[in-house]
Amino acid sequence: MSLKRKELPRYQGKESQVLALKIKEVRQAVDGTGVIVPDDDFYPEFEVSHEYMSLNQPKKGGYYVETIDGQPFYLEGKDFDKQYSLMK
128 MSLKRKELPR YQGKESQVLA LKIKEVRQAV DGTGVIVPDD DFYPEFEVSH EYMSLNQPKK
188 GGYYVETIDG QPFYLEGKDF DKQYSLMK
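Going by the numbering used here, the letters in the sequence shown line up with residues 128 to 215, in that order.
Listed below in structure tokens is the structure:
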């Protein structure tokens, strides 16, 4: 199943909004790509590129984050929680 971007939870920061999912598990393949398993079972696991894995080194408890224009990045859980709050 693929991740549908428009369904991701939206969070508000001081200066910007982002889409994000808390990470329950990260699995890295031999080719360097990865699979992220979201903490919320409503969302399917999804693949991320070798580049994403190499640059971000995502971990359990952190957040997979996308800017509104679609740029993915990673934040540790404590850093994400300080900067963003879930929009209702």
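C-beta atoms are modelled at their ideal positions from N, C-alpha and C, and glycine is treated no differently. The model shown is predicted, which means the values in this text are computed figures rather than measured ones.
With DSSP collapsed to three states, give me the class of residue i.
i: L135; result: coil
i: S178; result: Looking at the sequence itself, residue 178 is Glu, so the reference to Ser does not match. The answer is helix: DSSP assigns E178 an H, G or I state.
i: F207; result: helix
What's the gap between the Cα of residue i and the Cα of residue j?
i: D167; j: K149; result: 7 Å
i: L202; j: V145; result: 12 Å
i: G188; j: S143; result: 22 Å
i: F200; j: K215; result: 23 Å
So the candidates are the options; which of them puts its Cα closest to the Cα of residue i?
i: V153; options: K205, Y138, P171, G140; result: P171
i: Y217; options: G197, P165, Q198, V192; result: This structure cannot settle anything about residue 217, because the visible part of the chain is limited to 128 through 215.
i: S181; options: A147, Q139, Q155, K141; result: Q155
i: D208; options: G140, E134, Y179; result: G140
i: Q198; options: L213, V157, D206, E178; result: E178
i: I163; options: F173, F169, V157; result: F173
Pull the bridge partners of residue i from the DSSP assignment, please.
i: P199; result: E193
i: K149; result: Y190
Mind checking if residue i is an interface residue toward chain B, Cβ cutoff 7 Å exclusive?
i: D168; result: This model lacks chain B altogether, as it is built from one protein chain only.
Given a cut-off of 7 Å on the beta-carbon distance, is the pair residue i and residue j in contact?
i: G159; j: V175; result: no
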